[in-house]
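To start, the structure itself, in structure tokens.
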Amino acid sequence: MAKALDEYLCECKSSNYKVLCLEKDVFIKDLQKEFNDDIIITPSDAPNIINIAFKDIDGDTLQLLLSNKGFIVSTGSACHSGSSEPSYVLQEVGVPKEYLKGEIRISFSPFTKPGELYKLKREIIFHAKYLINKVKGE
27 MAKALDEYLC ECKSSNYKVL CLEKDVFIKD LQKEFNDDII ITPSDAPNII NIAFKDIDGD
87 TLQLLLSNKG FIVSTGSACH SGSSEPSYVL QEVGVPKEYL KGEIRISFSP FTKPGELYKL
147 KREIIFHAKY LINKVKGE
């Protein structure tokens, strides 16, 4: 177990991981720019996790749409996975009620290939805009 952890930590320091960290920053900025007030990206202590909450859309539906495109994301916080109720963790960090059901959590590893976050971002923008427009009746 310790050897596996050591190998993982070495991978985290690899240039691939550094590229992913840069891509993560661009990913977050681009989503914030694209969605303005319809999105909240909550803080995470883990550098390989992004928590995104969309206003008034269903995170489970977004998760399914992304899954159909080959991306695996989770809904709610890791502490609350498997529950259909809004995460108490997200409530505690101050995520407003209208965003709680629209939360997805993205985790990536040192084995995530550069460019995959860009592809995921494109799919999130497409599908989240579709869901937001449906909610707004457009």
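Residue numbers are given in our numbering: position 65 of the sequence shown equals residue 91, and the series is strictly consecutive.
We put the CB at the ideal spot given by N, CA and C, even for glycine.
Residues bridged to residue i [DSSP beta-bridge criterion]
i, result
"ASN180", "Given a span of 27 to 164 for the chain in the structure shown, any question on residue 180 remains unanswerable."
"LYS138", "Sequence inspection shows Thr at residue 138; the Lys mentioned does not correspond to that position. Looking at the DSSP assignment, THR138 forms no beta bridge with any residue, so it has no partner."
Spatially closest choice to residue i from the options, by CA coordinates
i, options, result
"LEU57", "ILE151, ILE132, ASP84 and PRO140", "ILE151"
"TYR125", "GLU49, VAL45, LYS81 and ASP63", "LYS81"
"LYS123", "ILE65, LYS95, VAL45 and PHE134", "ILE65"
"ASP71", "THR101, SER133, PHE137 and GLU164", "SER133"
"PRO73", "CYS47, ASP63, LEU91 and LEU92", "CYS47"
Residue i vs residue j beta-carbon contact at 9 Å
i, j, result
"ALA154", "LEU116", "no"
"GLN89", "ILE130", "yes"
"PHE61", "ILE158", "yes"
"THR68", "ASN77", "yes"
"TYR49", "TYR156", "The residue you asked about is not Tyr; residue 49 is Glu in the sequence shown. No, the pair does not count as a contact, with Cβ atoms beyond the cut-off."
"ILE83", "VAL161", "yes"
"GLU149", "LYS95", "yes"
"LYS147", "GLY85", "no"
"VAL45", "PRO140", "yes"
First and last residue of the uninterrupted alpha helix (DSSP H) at residue i
i, result
"GLY85", "85-94"
"GLU124", "123-126"
"GLU118", "114-118"
Minimum Cβ-Cβ distance from residue i to chain C less than 9 Å
i, result
"LYS44", "In summary, chain C is missing from the structure at hand, where a single protein chain is found."
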